[in-house]
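Report on the structure given below.
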Amino acid sequence: DGGITQSPKYLFRKEGQNVTLSCEQNLNHDAMYWYRQDPGQGLRLIYYSQIVNDFQKGDIAEGYSVSREKKESFPLTVTSAQKNPTAFYLCASSISGNTIYFGEGSWLTVV
Amino acid sequence: QKEVEQNSGPLSVPEGAIASLNCTYSDRVSQSFFWYRQYSGKSPELIMSIYSNGDKEDGRFTAQLNKASQYVSLLIRDSQPSDSATYLCAVNWGNQFYFGTGTSLTVIP
Numbered sequence: 093d094g095g096i097t098q099s100p101k102y103l104f105r106k107e108g109q110n111v112t113l114s115c116e117q118n119l120n121h122d123a124m125y126w127y128r129q130d131p132g133q134g135l136r137l138i139y140y141s142q143i144v145n146d147f148q149k150g151d152i153a154e155g156y157s158v159s160r161e162k163k164e165s166f167p168l169t170v171t172s173a174q175k176n177p178t179a180f181y182l183c184a185s186s187i188s189g190n191t192i193y194f195g196e197g198s199w200l201t202v203v
Numbered sequence: 003q004k005e006v007e008q009n010s011g012p013l014s015v016p017e018g019a020i021a022s023l024n025c026t027y028s029d030r031v032s033q034s035f036f037w038y039r040q041y042s043g044k045s046p047e048l049i050m051s052i053y054s055n056g057d058k059e060d061g062r063f064t065a066q067l068n069k070a071s072q073y074v075s076l077l078i079r080d081s082q083p084s085d086s087a088t089y090l091c092a093v094n095w096g097n098q099f100y101f102g103t104g105t106s107l108t109v110i111p
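Chains as they are written, first to last, in my numbering: chain A, 93 to 203; chain B, 3 to 111.
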């Protein structure tokens, strides 16, 4: 099946710990995105990438890092510098700015 | 500053009625507009895209675009309880997608 796979679905982070969220797509899409959604809020862009080995900061990039070593993969690391990381994280992809499709999301909670 | 504005609701309609959801955006340059449905705790799923002025129909859904007024709407005919969800408006500027905060819709049986 073609789609976007995010893992893990649920993740718990301790104070001072870095965690990485995985995102893999087999849609052959060029562009990939990471969004954060807080309860009752809209989607806020963290990072996006148009091509391999290149990515740009979105509106709320502080405390996050990404890599794009393969077209299919766009992992997001939530670093200890992100002081309020509890949220729903959505990975998405598109063909060069055309319709954007989402993975199932990952829930991150600080414990 | 690119902004997408939606009335957060909640919007309640009786089953079988027409639900009307509205969205405005700040930049005339945008060419692509999308409506997504998001159930609680789930990721957004695409309902419709629209690129030209006028109406676009798909089953019970109709998207309406007015670029001069910077306005896009979604009509849901014969609303069903399963339509109860949050509806997100999205606008594409270049290679980025901007989302409204969503309108919560409840369809009352």
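All C-beta atoms in this analysis are idealised placements derived from N, C-alpha and C, irrespective of residue type, glycine included.
On the CB-based measure, 16 or more other CB atoms within 10 Å of its CB, does B:Val-31 come out buried or exposed? exposed
For the stretch 100-128 of chain A, enumerate the residues whose C-beta is nearer than 9 Å to any C-beta of chain B, in chain order. Ala-123, Tyr-125 and Tyr-127
Below 8 Å between beta carbons: does that hold for B:Ser-45 and A:Gly-195? yes
Under 8 Å between C-beta atoms of B:Leu-48 and B:Leu-107: no
Of the residues B:Asn-68, B:Gly-61 and B:Gln-72, which one's Cα is nearest the Cα of B:Asn-117? This structure cannot settle anything about residue 117 of chain B, because the visible part of chain B is limited to 3 through 111.
Determine, using beta carbons only, whether A:Leu-135 and A:Leu-168 come nearer to each other than 8 Å. no
Less than 8 Å between the CB atoms is what I'm expecting for A:Lys-106 and A:Trp-199, so what's the real figure, rounded? Actually they do not touch by this definition, with Cβ atoms about 16 Å apart.
Does the beta-carbon of B:Gln-82, which I'm using as the reference point, lie nearer than 7 Å to any heavy atom of the ligand SAM? Questions concerning the ligand SAM fall outside what the structure shown contains, since it holds no ligand whatsoever.
Return no unless some Cβ of chain A is closer than 8 Å to the Cβ of B:Leu-13. no
Quick one: does A:Glu-196 have its CB under 8 Å from some CB of chain C? Absence of chain C from the displayed structure is noted, the protein chains being A and B.
Any chain A beta carbon closer than 8 Å to B:Phe-36: yes
So which residues on chain B does A:Thr-191 lean against when the C-beta distance must stay under 7 Å? Phe-36, Leu-48 and Ser-51
Please name the residue in B:Ala-92, B:Met-50, B:Phe-63 and B:Thr-88 whose C-alpha comes closest to that of B:Ala-105. Note that residue 105 of chain B is Thr in the sequence shown here, rather than Ala. Among B:Ala-92, B:Met-50, B:Phe-63 and B:Thr-88, the Cα nearest to that of B:Thr-105 is on B:Thr-88.
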